[in-house]
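> Okay, so the sequence shown: first residue is -8 according to my numbering, each after it adds one. Using N, Cα and C, we set each Cβ at its ideal position, and we do this for glycine too.
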Amino acid sequence: MKASALEFRLRFLIIVVIYLLGFIAPWNSLLHLDSIRTWQYLAAWPARSGWIGFSAATIAVLVLGILCAVAGAFLRTWGSAYLDPSIVQAGAMHGEGVVAAGPYRYLRNPLYLGTLFDTFALALLMPPSGAIFSILAITLFQLRLIFAEESFLTAKLGAPYLDYCAKVPRLFPAFAARVPASPARPTWPTAFLSEIYMWGVAVSFAALGWRYNSVLIIKGVLISLGLSLIVRAFLKPAPRRA
-8 MKASALEFRL RFLIIVVIYL LGFIAPWNSL LHLDSIRTWQ YLAAWPARSG
42 WIGFSAATIA VLVLGILCAV AGAFLRTWGS AYLDPSIVQA GAMHGEGVVA
92 AGPYRYLRNP LYLGTLFDTF ALALLMPPSG AIFSILAITL FQLRLIFAEE
142 SFLTAKLGAP YLDYCAKVPR LFPAFAARVP ASPARPTWPT AFLSEIYMWG
192 VAVSFAALGW RYNSVLIIKG VLISLGLSLI VRAFLKPAPR RA
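1) When burial is assigned at 16 or more other CB atoms within 10 Å of the CB, is Ala60 buried or exposed?
2) Can you check which of these residues, Ile137, Ile129, Tyr97, is closest to Arg169 by C-alpha distance?
3) Start and end of the alpha helix (DSSP H) containing Leu218?
4) Which residues in the same chain have their Cβ closer than 6 Å to the Cβ of Leu115, if we skip the five residues on either side of it in sequence?
5) Inspect the CB distances between the segment 104 to 119 and the segment 24 to 44 and report whether three or more fall short of 8 Å.
6) Reducing DSSP to helix, strand and coil, say where Asn100 ends up.
7) CA-CA distance, Phe225 and Gly121?
8) Report the rounded CA-to-CA distance for Gly44 versus Ile50, giving the unit in angstroms.
9) Suppose contacts are defined by Cβ-Cβ distances below 7 Å. Is Val89 in contact with Tyr152 by that definition?
10) Could you check whether Gly211 and Leu199 sit closer than 7 Å to each other, using their CB atoms as the reference points?
11) Does the distance from the CB of Ser71 to the CB of Ala182 come in under 7 Å?
12) Pick from Tyr203, Arg176, Arg99: whose alpha carbon is nearest that of Cys156?
13) In angstroms with no decimal places, state the Cα-to-Cα distance between Pro174 and Gly105.
14) For Leu(-3) and Phe124, which I take to be in contact (beta-carbon distance under 8 Å), what is that distance rounded to the nearest angstrom?
15) Could you check whether Pro94 and Ala69 sit closer than 7 Å to each other, using their CB atoms as the reference points?
16) Under 7 Å, do Asp109 and Gly63 count as touching if we go by C-beta distance?
17) Distance, Cα to Cα, Arg2 vs Gln133?
18) Based on Cα-Cα distance, which residue from Leu213, Lys158, Pro177 lies nearest to Ala193?
19) By Cβ distance, which residues of its chain are closer than 8 Å to Ala197, with the 5 residues on each side in sequence left out?
20) Given this structure, state the Cα-to-Cα distance separating Ile209 from Ser195, to the nearest angstrom.
21) Taking Val54 as the reference, give the member of Ala(-6), Ala16, Tyr203, Lys147 with the closest Cα.
22) Within 10 angstroms of its Cβ, does Ala47 collect 16 or more other Cβ (buried), or is it exposed?
23) Taking DSSP as the reference, what is the three-state secondary structure of Lys(-7)?
24) Identify whether Leu116 lies in helix, strand or coil by the three-state DSSP scheme.
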């Protein structure tokens, strides 16, 4: 069930491929499925039932997308603020110690939970079949990554990490901090830059969503992805000299 070292190293590429398949949904033509956006489908459903009007339902789905995108960006930024960028972007797992600060006092995997929230937002822009595929595939892949990291950290850190896992939930945040705060201090500017893609998605939904044009939001997402690749290149630590 846990991800391999290769999957962990290529995790960002794998996630992009999953999203791409979700947006394209190549199986739609083979199965003769409707290619409308999930946003439209979810808005039409309560409207057809007579609960609320289509315009109000459209706005409600947009607000849901904005909330998911902002929640994803916030969680990942909060989590990244207490980690070195080299760890967040690393192609291999690190285990220098148990981080018990910021969101890590409430849940063990704020970065992965943030990615799931971002997936829920992006799924609104996909065809329904692509949305279902992406949510299921990303959830399964995130769990595989989590199990791989937990196995690695258990082997490297031993009892302190197992004690931490016994107190702090894996993905569903606790209402109160489960462990005392460590002396770690957040680095908010670097964290924001490292999660510029997530904030770009949130801004795309919040600023462009009111045009009710999913293609326009998708363009904003793609621009955010390109900008994040540029930022990551500058944040990537230089190789150490022997």
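Considering the structure as presented:
1) The sequence position of residue 60 within the sequence shown is 69, counting from 1. Per the 10 Å Cβ criterion, buried.
2) On the sequence shown, residue 169 is found 178 positions in, with the first residue counted as 1. Looking only at Ile137, Ile129, Tyr97, the smallest Cα-Cα distance to Arg169 is reached by Tyr97.
3) Here residue 218 refers to the residue found at position 227 of the sequence shown. Its alpha helix (DSSP H) spans residues 205 to 226.
4) By 1-based counting over the sequence shown, the position of residue 115 is 124. Within the same chain, and ignoring the five residues on either side of Leu115 in sequence, the residues whose Cβ sits closer than 6 Å to its Cβ are Thr29, Trp30, Gly56.
5) Yes, the segment 104 to 119 touches the segment 24 to 44.
6) As a working note, residue 100 is residue 109 in the sequence shown. Of the three classes helix, strand and coil, the one that applies to Asn100 here is coil, per DSSP.
7) If you number the sequence shown from 1, residue 225 lands on position 234. If you number the sequence shown from 1, residue 121 lands on position 130. Going from the Cα of Phe225 to the Cα of Gly121 covers about 33 Å.
8) Against the sequence shown, residue 44 aligns to sequence position 53. Against the sequence shown, residue 50 aligns to sequence position 59. When rounded, the distance between both Cα atoms is 10 Å.
9) Position 98 of the sequence shown, counted from the first residue, corresponds to residue 89. Position 161 of the sequence shown, counted from the first residue, corresponds to residue 152. In this structure, Tyr152 lies closer than 7 Å to Val89 by Cβ.
10) Residue mapping note: residue 199 aligns to position 208 of the sequence shown, counting from 1. Residue mapping note: residue 211 aligns to position 220 of the sequence shown, counting from 1. Yes.
11) Counting from 1 along the sequence shown, the entry for residue 71 is found at position 80. Counting from 1 along the sequence shown, the entry for residue 182 is found at position 191. For Ser71 and Ala182, yes; Cβs fall inside 7 Å.
12) On the sequence shown, position 165 is the one that residue 156 refers to. Cys156 has its Cα closest to that of Arg99, out of Tyr203, Arg176, Arg99.
13) Position 183 of the sequence shown holds residue 174. Position 114 of the sequence shown holds residue 105. One alpha carbon belongs to Pro174, the other to Gly105, and they sit about 24 Å apart.
14) As a first step, residue -3 must be located in the sequence shown, where it is residue number 6. As a first step, residue 124 must be located in the sequence shown, where it is residue number 133. Between the beta-carbon of Leu(-3) and that of Phe124 there is about 22 Å, and that puts the pair past the 8 Å contact cut.
15) Within the sequence shown, the letter at position 78 stands for residue 69. Within the sequence shown, the letter at position 103 stands for residue 94. Looking at the sequence provided, one finds Trp at residue 69 rather than Ala. Here Trp69 is near Pro94, since their CB atoms are less than 7 Å apart.
16) The residue given as residue 109 occupies position 118 in the sequence shown. The residue given as residue 63 occupies position 72 in the sequence shown. Closer than 7 Å, so yes.
17) Position 11 of the sequence shown, counted from the start, is the residue given in the question as residue 2. Position 142 of the sequence shown, counted from the start, is the residue given in the question as residue 133. Arg2 and Gln133 have their C-alpha atoms spaced approximately 9 Å apart.
18) Translated into the one-based positions of the sequence shown, residue 193 becomes position 202. The shortest C-alpha separation from Ala193 is found at Leu213.
19) Here residue 197 corresponds to residue number 206 of the sequence shown, with the count starting at 1. The answer, listed in chain order, is Ile57, Ala60, Val61.
20) By one-based count along the sequence shown, residue 209 stands at place 218. By one-based count along the sequence shown, residue 195 stands at place 204. Answer to the nearest angstrom: the Cα atoms are 8 Å apart.
21) As a working mapping, residue 54 is identified with position 63 in the sequence shown. Of the candidates Ala(-6), Ala16, Tyr203, Lys147, the one whose C-alpha sits nearest the C-alpha of Val54 is Tyr203.
22) In the sequence shown, counting from the first residue as 1, residue 47 sits at position 56. Taking all protein chains shown into account, Ala47 has fewer than 16 neighbouring C-beta atoms within 10 Å of its C-beta and is therefore exposed.
23) Here residue -7 corresponds to residue number 2 of the sequence shown, with the count starting at 1. Looking at Lys(-7) - three-state DSSP - the assignment turns out to be coil, as it is neither helix nor strand.
24) As a working mapping, residue 116 is identified with position 125 in the sequence shown. Here Leu116 carries a coil assignment [DSSP, helix/strand/coil].
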